[in-house]
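Comments concern the structure below.
Number of protein chains: 2
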Amino acid sequence: MSSPKPTSARSDGGGVPAAVVNRLSMYLRELRHLLADGNQTISSSQLGQRLGFTDAQVRKDLAHFGQFGHPGIGYRCEELVDIIRRILGTDRQWNVCLVGVGNLGQALLGYKGFASQGFKIVAAFDADAAKHGQTYEGVLVYPAEALADEIQRQQIELGIIAVPAQAAQAAADRLVAAGVSGILNFAPVTVSVPPGVSKVGVDLARELEQVTFTVVSRLRAAAES
Amino acid sequence: MSSPKPTSARSDGGGVPAAVVNRLSMYLRELRHLLADGNQTISSSQLGQRLGFTDAQVRKDLAHFGQFGHPGIGYRCEELVDIIRRILGTDRQWNVCLVGVGNLGQALLGYKGFASQGFKIVAAFDADAAKHGQTYEGVLVYPAEALADEIQRQQIELGIIAVPAQAAQAAADRLVAAGVSGILNFAPVTVSVPPGVSKVGVDLARELEQVTFTVVSRLRAAAES
DNA sequence: CATTGTGAACTTATTCACAGCC
DNA sequence: GGCTGTGAATAAGTTCACAATG
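From first to last, the protein sequence lines stand for chains A and B. Using my numbering, the letters of the first sequence correspond one by one to residues 1 to 225. Using my numbering, the letters of the second sequence correspond one by one to residues 1001 to 1225.
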């Protein structure tokens, strides 16, 4: 018996494959760097080259959303930044909360990269009573029981889970019950959320495993040659 | 002009698509949880269901590497854990170093999930002289100049970059020059490494952008219905 | 005339479906 | 009976190649 149809290649988002969205955010990052370096325009082949994609790939990805290029010119960096931000939904601020103020949680509270993309962590939650009422990087820590109230009060739409594996599903359930629309999960477990709530998981150890796989593959290929 | 042929779907690793390796590490994580819960065996459809994949997908992924199942029974959890660990290269310890002992770097030093998968951070490097000689979570911080020597001395094979964007390429260059075989990059830039060095990038803000995209897509779909 | 946008060709990935096995 | 492994079928994603364009 097979699962309904989650295919892993598309997660959701108007029929746009997840891989396209992933590349889109790479284009955005690269375009910001280009802008910072004073570039006005860039062609699909130049942009692709910097990231290791073909020119056609860049154009096809953008074609999912409209026509943004200028024949003979390329893409205007500033214009395309605005367009991609609108596509990704980061053309406005998002209020975010953090669940789990441990090692990783504290680092996330101090991470500058969120604010610069429009993400604002406005509340943190932790089970440890010793942390309640304290502020980290200017963010106040509440008890887990206050989660629903704060999410309502501060209009928090996204939640970041940075609790131990065994507490992750409970954290997700609470966030969902409180009405967040999306979750970024750093706990090394698959949490389940209802349809209608977006979810992305980042598992640091799994990322390193992707590295070791290619390392050992290379070693193995070298051994048999 | 198009780029050579990086296709993005496969990065390297004996012709095995990156997506397969990614799922493999999910299977591994899930199998560990199953084992911890006392399960002896699991079928491809059960394993797939837990992660949102079809049964055929699970079997095909494993088929890239051999025949590990038992008809009528499924897969023996313990056996499959060993097999996947061997495939991913995590059936042994990897010495890892960290470059950049800031917010995020300190959290990574304290992250328990690395050790449990065989990754041992044995040295850290930072440009800030105030940190030199200090230990964080039992790991000694060296000046960046000591990088090559320590990597040689402690046989470090992997490097984690957790420095600001503008310092990331230099950190990568140093790691490569010192002879690491793989890099996990948390800086929000594309660093380039020579062929022969593996690289995986994790950009926290980009991960959140994947979440917001699906959130706004759902909102947009709802709006036009 | 460099560069986009896009149908057509091609390549890669996923699912189906069933023979073979325990 | 329940489950794997896999060739065949289908679907999805990528690249090619060229007409259209400022």
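We put the CB at the ideal spot given by N, CA and C, even for glycine. Quantities reported herein were computed from a predicted structural model and do not represent experimental measurements.
Listing by chain order, which chain B residues have their CB less than 7 Å from the CB of residue i?
i       : result
S181(A) : V1215
P188(A) : R1029, G1113
Flag this pair as yes or no: are the beta carbons of residue i and residue j separated by less than 9 Å?
i        : j        : result
L204(A)  : P188(A)  : yes
S192(A)  : V1211(B) : no
F68(A)   : L80(A)   : yes
V122(A)  : V139(A)  : yes
F213(A)  : L1024(B) : yes
S45(A)   : D1012(B) : no
Q1134(B) : V1141(B) : yes
A167(A)  : A127(A)  : yes
T1041(B) : G1074(B) : yes
V1099(B) : E1157(B) : no
E209(A)  : L1028(B) : yes
Closer than 9 Å by beta-carbon distance: list the chain A residues that pair up with residue i, in chain order.
i       : result
D995(B) : Only positions 1001 to 1225 of chain B appear in the structure, and residue 995(B) is not among them; the question remains open.
What residue range is occupied by the uninterrupted alpha helix (DSSP H) comprising residue i?
i        : result
F213(A)  : 204–223
K60(A)   : 55–63
S1025(B) : 1018–1036
A1148(B) : 1147–1153
Work out the CA separation of residue j and residue i for me, nearest whole Å.
i        : j        : result
P1195(B) : V1058(B) : 30 Å
G1201(B) : A1115(B) : 20 Å
F186(A)  : C1077(B) : 24 Å
G1182(B) : W1094(B) : 11 Å
R10(A)   : G89(A)   : Any reading at R10(A) needs caution, since the residue's pLDDT is 40, under 50, leaving its predicted position unreliable; the model's value is listed next. Spanning the two alpha carbons is a distance of roughly 18 Å.
E30(A)   : N1103(B) : 24 Å
R1092(B) : A1144(B) : 27 Å
L1235(B) : Y136(A)  : This structure leaves residue 1235(B) out entirely; chain B is present only between 1001 and 1225.
Using a C-beta to C-beta distance shorter than 8 Å, which residues of chain A count as neighbours of residue i?
i        : result
D1012(B) : T214, S217, R218
Q1106(B) : N103, A107
G1138(B) : By Cβ distance, chain A contributes nothing, its closest Cβ being about 13 Å from G1138(B), past 8 Å.
A1221(B) : G14
F1125(B) : Correct list: empty, because the minimum Cβ distance to chain A is about 18 Å.
N1227(B) : Given that chain B is displayed from residue 1001 to residue 1225, the structure contains no residue 1227(B) and the question cannot be resolved.
Look up residue i in the DSSP assignment and say whether it is helix, strand or coil.
i        : result
G159(A)  : strand
V1176(B) : helix
S1045(B) : helix
N1095(B) : strand
G89(A)   : coil
V1081(B) : helix
I1073(B) : coil
Which stretch, first to last residue, makes up the beta strand (DSSP E) that contains residue i?
i        : result
A1187(B) : That residue, A1187(B), is in no beta strand (DSSP E); it is neither H nor E in DSSP.
D1126(B) : 1119–1126
K112(A)  : Element bounds for K112(A): not the beta strand (DSSP E) but the alpha helix (DSSP H), 112–116.
G1105(B) : That residue, G1105(B), is in no beta strand (DSSP E); its alpha helix (DSSP H) goes 1103–1109.
V257(A)  : Examination of residue 257(A) is not possible in this model, given that chain A is present from 1 through 225 alone.
V200(A)  : 198–201
Mind listing the chain B neighbours of residue i? Cutoff is C-beta to C-beta under 9 Å, in chain order.
i      : result
H33(A) : A1165, V1189, T1190
Going along chain B in order, which residues have a C-beta closer than 8 Å to the C-beta of residue i?
i       : result
L176(A) : Checking the displayed sequence, the identity of residue 176(A) turns out to be Val instead of Leu. Neighbours of V176(A) on chain B: none; closest Cβ ~13 Å, over 8 Å.
Can you pull the chain A neighbours of residue i, defined as C-beta to C-beta under 7 Å?
i        : result
G1089(B) : T212, F213, V215, V216
L1227(B) : Only positions 1001 to 1225 of chain B appear in this structure, which leaves residue 1227(B) out of reach.
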